[in-house]
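Chains Z and H, in that order, give the protein sequences.
All residue numbers for the first sequence refer to the working numbering, where the first residue is 14 and numbers rise by one.
All residue numbers for the second sequence refer to the working numbering, where the first residue is 23 and numbers rise by one.
So the structure is just underneath, and the comments pick up after that.
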Amino acid sequence: MQRMSQYRYWFAILIFSFPFNLFAQMETDQISLNQLMQFMAKHKEIHATFVESKYIKGIDVPLESSGDLMFMAPSTMVRHTLQPKPEMLKLTGDTMTVERMGKTHSLHINDYPEISLHFEGVRALLAGDAERLNYLYHVDLTGTFLDWKLVLRPLQQDSALKSLNLLGSHDRVNSVEVHLNDGDYSIMQVSRKNTVDD
Amino acid sequence: MPVTQNNHFVPRMLWLLCVVLCGWVIAHTDYRTDLSVFLPSAPNQKEMMLLGQLQNGAASRILLVGIEGSTTDTLAQIGKSFAAKLRNNAVFSHVLNDQNVMDPAEQELIYTYRYLLSPNTGPELFAPKNLETVIYANLLELSSASGLLSKSLFMRDPTGEVMALVDRLIPVQGPQTLNGQWFNAQGERALLLVQLASAGTDIKAQEAALQFMQTSFKDVVQSFQTQNPENSQKINTIRLVVSGPASFAVSTQNIIEQEAFRLAGIGLILIITILLYVLRNLKLLLAGLLPVFSGVVAGIAAVSLGFGSVHAMTIGFGITLIGESIDYSIYFFLQRSQIRNNPIFWRTVGLGVMTSICGFSTMLFSGFTGLMQLATFSIVGLVAAVICTRWVLPTVLPQRLSIHDLSPAGAWLRQMMKKGHLFRYLIWFLTLSALLLLVSRQDHLWSYELNDLSPIPAALLDLDGELRADMGAADVRHMLLLQDTTQEQVLQRCEQFLPRLDALVAQGLLGAYQAPCAYLPSQARQEQRQQALPDQHQLEKTLQEATHALPIALQSLQGFVEDVANSKALPLLRSEKLENSTFGITLGVTLYPVKVNEGRVYHALIQLQAPLQEGKAVSIHHDALQSELVDILDEQSVLLDLKEDFNSIYKTYLNKILKYSAAGFMVIIVLLLIMLRSLQTTLLVILPLACAIIFVTALLHMLGSQLNLLNIIGLLLVFAVGSNYALFFSSSQSNMTLASLLLATTTTVIGYGVLIFSQIPILQTIGVTVGSGVFLALVFSALMAPGTMRNSGLH
């Protein structure tokens with residue numbers, strides 16, 4: 014009986030420690046692009062808020078803006094700026110629609126590669142579309158499951174964009190940095206809203 | 023009249039001489055096939071401007087093109103290669119199939135000329151306080167999603183003129199884009215907008231361009247087939263549809279040409295067959311056609327002399343109209359034996375011709391060149407034909423004629439008349455009901471739509487409406503039409519309106535407008551703007567003051583200072599500069615020269631769009647706009663509501679035609695009175711005709727067509743032609759007379775009847791009205807003829 018209980022004890026420890034063990038390993042291990050993409054591909058719908066600061070040479074203060082972000086699988090991403098000037102930018106499939114001051118402009122992203130490079134990286138990540146990421150950018154993923162950093166450098170030669178850096182933890186993107194070749198940059202902090210999906 | 027060799031010679035020689043003279047005129051005639059003959063000739067200034075716009079406006083060079091009948095992917099692929107193919111041909115000045123990419127030429131234009139184009143340019147823009155406010159507002163714009171992309175533009179254009187101009191000059195609405203190709207909302211028709219390089223009046227060039235489109239389309243489809251053999255079944259049903267004034271002109275012209283030949287041919291063959299049956303002799307037939315031939319020759323020559331040119335339609339359908347002249351030969355052949363004992367024969371024929379002339383004269387005053395040509399042709403043709411019958415025909419006929427004995431037919435008709443006299447009561451009853459119907463429906467009888475007179479087949483108009491809706495190009499109905507002697511003056515006139523229209527847009531009375539002077543400001547206005555620009559030193563000083571409170575370093579705005587300095591010395595923007603951009607299309611449509619007599623004037627067209635309410639366009643209140651703008655509107659600046667204005671032109675003509683027709687009826691009645699010298703006989707002649715006319719009118723109404731100007735002309739022709747028959751009925755009732763009448767009516771009904779099958783609405787109307795009217799006129803005249811009257815003892 015004594016022996017038995019000892020076995021049981023070890024068995025119980027083994028059972029209880031296994032998931033913790035596994036988790037601990039994931040938290041501290043290097044993350045691979047494939048794993049990240051599998052995480053991301055589970056998203057159906059994401060709602061978040063953002064605060065963005067733009068740092069532009071010649072302008073002494075950072076330019077701030079804030080609003081809502083939304084992603085709907087497979088290909089819709091909405092940036093709804095509320096402050097300081099309302100603006101709605103919607104990327105669906107190949108079409109980008111900008112609504113501001115009561116007017117709607119619509120454009121085809123393939124016609125404006127420079128603009129699309131700024132937004133497509135984020136969307137492709139959220140959609141878990143590795144193929145698209147590799148098509149547009151040189152992809153570099155570092156860090157762990159808990160704290161990863163995805164650096165996207167455009168493959169297009171003459172782009173003004175130097176890199177699009179996405180920082181996150183697990184399946185969440187926490188910040189988006191846009192760096193231009195001329196040194197100007199912007200940092201966007203993202204906080205996920207709690208929805209049913211979470 | 024004893025016929026001898028001597029009095030054969032003179033009329034024959036005279037006839038030959040006339041034919042040769044007419045032949046000479048005909049050989050030197052300018053033949054036309056354009057559609058301008060279907061437009062009314064303009065009586066007043068406003069209408070003249072309206073029609074000038076219609077004929078000369080560059081809108082006549084625009085074509086809407088659709089490709090349909092396959093999957094969206096295939097349509098997009100074919101649409102794109104088709105557009106590329108058209109772009110390579112100089113016949114087309116612009117080919118658009120996806121305007122999402124802003125034309126680089128336009129970008130450069132707007133950027134370079136922004137201070138000359140922008141309505142904001144003025145001393146107040148560069149006042150320090152204002153500059154500070156404006157720059158701050160635009161700085162906030164940089165915080166937008168695309169801020170990092172537009173920052174370099176901001177540094178050179180911190181007042182935001184470029185973006186304001188893009189909003190102002192580039193209309194955002196348009197069809198949706200799928201796979202880089204315009205599509206209609208359902209995604210089942212790929213769309214293109216094409217502008218032809220040649221003028222709208224050059225039909226030959228337009229036809230060649232349309233032909234090229236068709237062959238290129240075939241090539242594109244074929245190469246798609248060879249490249250994608252696996253998809254070849256997808257393009258089995260693919261087809262090209264084209265619409266626009268040029269396409270209307272070409273297809274309507276083709277239809278007119280085909281129909282003129284086909285219908286006139288069918289009519290002629292039927293008539294010749296009947297004549298051949300009756301005359302049983304080729305020589306006699308040729309002789310019988312002699313008056314018609316003379317009439318046609320004289321008619322063409324007269325139109326040529328009177329109008330300077332002859333329209334193909336005049337010849338094609340004029341021959342149908344003077345089919346009546348064959349009646350003279352018929353009367354002459356069949357009643358020749360009686361002519362010597364019947365002194366009133368020629369008088370009756372003469373009276374018939376005169377009444378016909380009264381009928382055609384109304385068309386002469388219609389104001390539509392096409393109808394005026396037809397009337398001239400018919401009047402001259404009839405007179406020539408009757409002269410030929412009277413003096414030339416007898417000289418070429420043998421002494422004795424052996425023609426088919428038609429007495430049995432006459433006897434049969436007499437039999438029918440006797441039997442049918444009871445039907446008179448039916449006629450009275452029908453006429454009375456028809457009259458009651460017409461009186462009770464008198465408010466719904468008339469159509470006041472000019473479109474009813476359009477020569478363009480309805481199917482083409484329907485297609486045009488569909489393509490326009492697909493393209494999001496609503497039919498522009500309201501516009502300001504401005505006219506002046508030079509381009510500069512008309513642009514200045516246009517500039518007067520812009521601040522006022524902006525105010526109306528703000529008030530919500532207008533949705534938007536498109537004015538040529540927004541794309542090309544007058545030279546005076548551009549100079550004025552240039553003078554308002556500060557020089558470099560001055561601007562730097564002002565900026566220093568303005569940026570004091572702003573988080574921007576002065577040196578960041580160095581590009582702005584440079585650009586303002588450059589704009590101050592820039593050569594002014596001229597129309598040639600715009601030609602290579604898509605602005606050229608807009609400018610071409612809204613600013614154009616119009617030929618007036620010897621000289622030319624310039625038109626500027628400001629297109630007005632209806633205001634939106636909850637996303638839907640509501641209608642424009644013409645009267646409200648008129649009273650808002652009344653102080654700057656004058657004889658050369660008019661506010662148009664195209665639909666109403668065209669219809670009011672039409673109404674004017676309709677009233678005129680009604681008056682002339684009433685006069686025509688009166689003259690015919692007076693002629694009858696003078697010739698018949700009896701009120702009672704005249705009444706007996708007129709009565710069946712009046713019944714027929716009332717009955718036909720009611721019939722047309724019941725068939726659902728509203729009466730228009732052409733129906734009136736048609737009814738008058740029924741009266742004119744029908745009175746001939748009634749005259750003969752009342753003058754003689756021999757078997758031969760009856761037979762000749764039956765024959766003559768048949769040929770006339772055939773002549774007009776074939777027009778019923780025309781695709782050209784206006785000819786169809788005349789065909790239906792006159793064809794059925796003449797037939798009824800004969801039946802009624804026969805049944806109500808005095809002979810049968812006397813038998814029934816009704817008078």
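Every residue gets a Cβ at the ideal spot worked out from N, C-alpha and C, and that includes glycine.
None of the values given here were measured: they were computed from a predicted structure.
Inset, instruction - Under 8 Å between beta-carbons, which chain Z residues line up against H/M177? List them in chain order, please. - result: Along the second sequence, one-based indexing puts residue 177 of chain H at 155. The contacting residues are G71.
Inset, instruction - Compute the Euclidean distance between the alpha carbons of Z/A137 and H/P479, then round it to the nearest angstrom. - result: Taking the first residue of the first sequence as position 1, residue 137 of chain Z is located at position 124. Taking the first residue of the second sequence as position 1, residue 479 of chain H is located at position 457. Answer to the nearest angstrom: the Cα atoms are 53 Å apart.
Legend entry - DSSP three-state assignment for Z/Y148, whether helix, strand or coil: As a position in the first sequence, residue 148 of chain Z is number 135, starting the count at 1. Residue state, collapsed to three classes: helix.
Inset, instruction - In the DSSP assignment, find the unbroken beta strand (DSSP E) run with Z/G80 in it and report its ends. - result: By 1-based counting over the first sequence, the position of residue 80 of chain Z is 67. DSSP places Z/G80 inside the beta strand (DSSP E), whose first and last residues are 76–85.
Legend entry - Residues near H/H30 in its chain [Cβ-Cβ closer than 7 Å; skip 5 each side]: Numbered from its first residue, the second sequence carries residue 30 of chain H at position 8. Excluding residues within five positions, the ones whose Cβ falls inside 7 Å are T417.
Inset, instruction - Would you kindly work out how many angstroms separate the C-alpha atoms of H/Q648 and H/Q552, rounded to a whole number? - result: As a first step, residue 648 of chain H is located in the second sequence; it is residue number 626 there, counting from the start. As a first step, residue 552 of chain H is located in the second sequence; it is residue number 530 there, counting from the start. Taking the straight line from one Cα to the other gives about 34 Å.
Inset, instruction - Would you list, in chain order, the members of the segment 559–587 of chain H that have their beta-carbon closer than 7 Å to a beta-carbon of chain Z? - result: Within the segment 559–587 of chain H, the qualifying residues are P573, I574, A575, S578.
Inset, instruction - Measure the CB-CB distance between H/Y353 and H/A766 and report whether it falls below 8 Å. - result: The residue you call residue 353 of chain H lines up with position 331 of the second sequence. The residue you call residue 766 of chain H lines up with position 744 of the second sequence. A contact, by the Cβ cut-off of 8 Å.
Inset, instruction - Counting only the same chain and skipping the five closest in sequence on each side, list residues whose C-beta sits under 6 Å from that of Z/D160. - result: In the first sequence, residue 160 of chain Z corresponds to position 147, counting from 1. So the qualifying residues of the chain are S182.
Legend entry - Within chain Z, the residues that H/E163 reaches when beta carbons sit closer than 8 Å: Translated into positions along the second sequence, residue 163 of chain H becomes position 141. Near H/E163 (Cβ distances below 8 Å), the residues of chain Z are K98.
Inset, instruction - Measure from the C-beta of H/K173 to each C-beta in chain Z and report whether the shortest distance is under 8 Å. - result: Sequence index remark: in the second sequence, residue 173 of chain H carries index 151 (1-based). Chain Z places a beta carbon closer than 8 Å to that of H/K173, counting this residue as a contact.
Inset, instruction - Using a Cβ-Cβ cut-off of less than 9 Å, list which residues of the segment 108–134 of chain Z approach chain H; keep chain order. - result: Taking 9 Å as the Cβ-Cβ cut-off, the segment 108–134 of chain Z approaches chain H at T108, V111, R113, M114, K116, T117, H118, S119, L120, H121, N123, D124, Y125, E127, I128, H131, F132, given in chain order.
Inset, instruction - Pull out every residue of the segment 186–198 of chain Z whose Cβ sits closer than 7 Å to any Cβ of chain H, in chain order. - result: Flagged, chain order: V191, L193, D197.
Legend entry - Closer than 8 Å to chain Z by CB, H/G209: Here residue 209 of chain H corresponds to residue number 187 of the second sequence, with the count starting at 1. When Cβ-Cβ separations below 8 Å define contact, H/G209 makes no contact with chain Z.
Inset, instruction - Determine, using beta-carbon pairs with one atom in the segment 507–517 of chain H and one in the segment 620–627 of chain H, whether at least three such pairs fall under 8 Å. - result: With the cut-off at 8 Å, the segment 507–517 of chain H and the segment 620–627 of chain H touch.
Inset, instruction - Just mark H/Q255 as buried or exposed, buried being the case when its beta carbon has 16 or more other beta carbons within 10 Å. - result: Residue numbering aside, residue 255 of chain H sits at position 233 when the second sequence is read from its first letter. It is exposed - the Cβ of H/Q255 has fewer than 16 other Cβ atoms within 10 Å.
Legend entry - Any C-beta of chain Z under 8 Å from that of H/A212: Counted from its first residue, the second sequence places residue 212 of chain H at position 190. By this cut-off, H/A212 is not an interface position.
Inset, instruction - Using the Cα positions of Z/Q186 and Z/H192, report the straight-line distance between them to the nearest angstrom. - result: The sequence position of residue 186 of chain Z within the first sequence is 173, counting from 1. The sequence position of residue 192 of chain Z within the first sequence is 179, counting from 1. Note on identity: in this sequence residue 186 of chain Z is Val, with Gln being the wrong assignment. When rounded, the separation of the alpha-carbon atoms in Z/V186 and Z/H192 is 17 Å.
Inset, instruction - To the nearest angstrom, report how far apart H/A546 and H/N588 are at their CA atoms. - result: Translated into positions along the second sequence, residue 546 of chain H becomes position 524. Translated into positions along the second sequence, residue 588 of chain H becomes position 566. Roughly 19 Å separates the two Cα atoms.
Legend entry - Z/E77 vs Z/V91 beta-carbon contact at 8 Å: Counting from one through the first sequence, the residue named residue 77 of chain Z turns up at place 64. Counting from one through the first sequence, the residue named residue 91 of chain Z turns up at place 78. 8 Å or more divides the Cβ of Z/E77 from the Cβ of Z/V91.
Inset, instruction - Consult DSSP for H/D663 and reduce its assignment to one of helix, strand or coil. - result: Taking the first residue of the second sequence as 1, we reach residue 663 of chain H at position 641. In the structure shown, H/D663 adopts extended strand secondary structure according to DSSP, grouped into three states.
Inset, instruction - Can you tell me the Cβ-Cβ gap for H/D585 and H/L213, rounded? I've got them flagged as a contact below 8 Å. - result: Locating residue 585 of chain H in the second sequence gives position 563, where the first residue counts as 1. Locating residue 213 of chain H in the second sequence gives position 191, where the first residue counts as 1. In fact, because the Cβ distance is near 38 Å, the residues do not count as touching under 8 Å.
Inset, instruction - Can you have a look at Z/D197 and say buried or exposed, based on whether 16 or more other CB atoms are within 10 angstroms of its CB? - result: By one-based count along the first sequence, residue 197 of chain Z stands at place 184. By the 10 Å Cβ count, Z/D197 comes out buried.
Legend entry - Best match in H/L428, H/F234, H/L131, H/G287 for proximity to H/M758 [C-alpha to C-alpha]: On the second sequence, residue 758 of chain H is found 736 positions in, with the first residue counted as 1. Ranking H/L428, H/F234, H/L131, H/G287 by Cα distance to H/M758 puts H/L428 first.
Legend entry - H/K173 versus H/L785, H/Q631, H/F751, H/S578, residue with shortest Cα-Cα distance: Locating residue 173 of chain H in the second sequence gives position 151, where the first residue counts as 1. Comparing Cα-Cα distances from H/K173 to each of H/L785, H/Q631, H/F751, H/S578, the minimum goes to H/S578.
Inset, instruction - Assuming H/Y535 and H/L630 form a contact by the criterion Cβ under 8 Å, report the distance between their Cβ atoms to the nearest whole angstrom. - result: Position 513 of the second sequence, counted from the start, is the residue given in the question as residue 535 of chain H. Position 608 of the second sequence, counted from the start, is the residue given in the question as residue 630 of chain H. With a Cβ gap of about 5 Å, H/Y535 and H/L630 count as contacting.
Inset, instruction - On the DSSP bridge assignment, give the partners of Z/S182 in chain order. - result: In the first sequence, the residue the question calls residue 182 of chain Z occupies position 169. DSSP lists Z/R185 as partners of Z/S182.
Legend entry - chain Z residues whose Cβ lies nearer than 9 Å to that of H/L170: On the second sequence, residue 170 of chain H is found 148 positions in, with the first residue counted as 1. K67, I69, H131, A173, L174, V191, L193, D197, Y198, S199, listed in chain order.
Inset, instruction - Please state if the CB of H/L555 and the CB of H/T134 are separated by a distance shorter than 8 Å. - result: Looking up residue 134 of chain H in the second sequence gives position 112. Looking up residue 555 of chain H in the second sequence gives position 533. No; because the gap between Cβ atoms is not below 8 Å, this pair is not in contact.
Inset, instruction - Give the DSSP-derived three-state secondary structure of H/V640 in the structure shown. - result: In the second sequence, the residue the question calls residue 640 of chain H occupies position 618. Of the three classes helix, strand and coil, the one that applies to H/V640 here is coil, per DSSP.
Legend entry - 8 Å Cβ cutoff met for H/A407 and H/Y350: Counting from 1 along the second sequence, the entry for residue 407 of chain H is found at position 385. Counting from 1 along the second sequence, the entry for residue 350 of chain H is found at position 328. At the C-beta level, H/A407 and H/Y350 come within 8 Å of one another.
Legend entry - H/L301 versus H/L415 - alpha carbon distance: Here residue 301 of chain H corresponds to residue number 279 of the second sequence, with the count starting at 1. Here residue 415 of chain H corresponds to residue number 393 of the second sequence, with the count starting at 1. Going by the C-alpha atoms only, they are around 15 Å apart.
Inset, instruction - Spell out the partners DSSP gives Z/E190 in its beta bridges. - result: In the first sequence, residue 190 of chain Z corresponds to position 177, counting from 1. Beta-bridge partners assigned by DSSP to Z/E190: Z/N178, Z/I200.
Legend entry - Per DSSP, cross-strand counterpart(s) of H/D656: One-based indexing of the second sequence puts residue 656 of chain H at position 634. Under DSSP, the beta-bridge partners assigned to H/D656 are H/S659.
Legend entry - Exposed unless 16 or more other CB atoms sit within 10 angstroms - verdict on H/T609: By 1-based counting over the second sequence, the position of residue 609 of chain H is 587. Looking at the sequence itself, residue 609 of chain H is Leu, so the reference to Thr does not match. H/L609 is buried by the Cβ-count criterion.
Inset, instruction - Specify, as a first and last residue, the run of the alpha helix (DSSP H) that H/V325 falls within. - result: As a position in the second sequence, residue 325 of chain H is number 303, starting the count at 1. Per DSSP, H/V325 belongs to the alpha helix (DSSP H) from 304–329.
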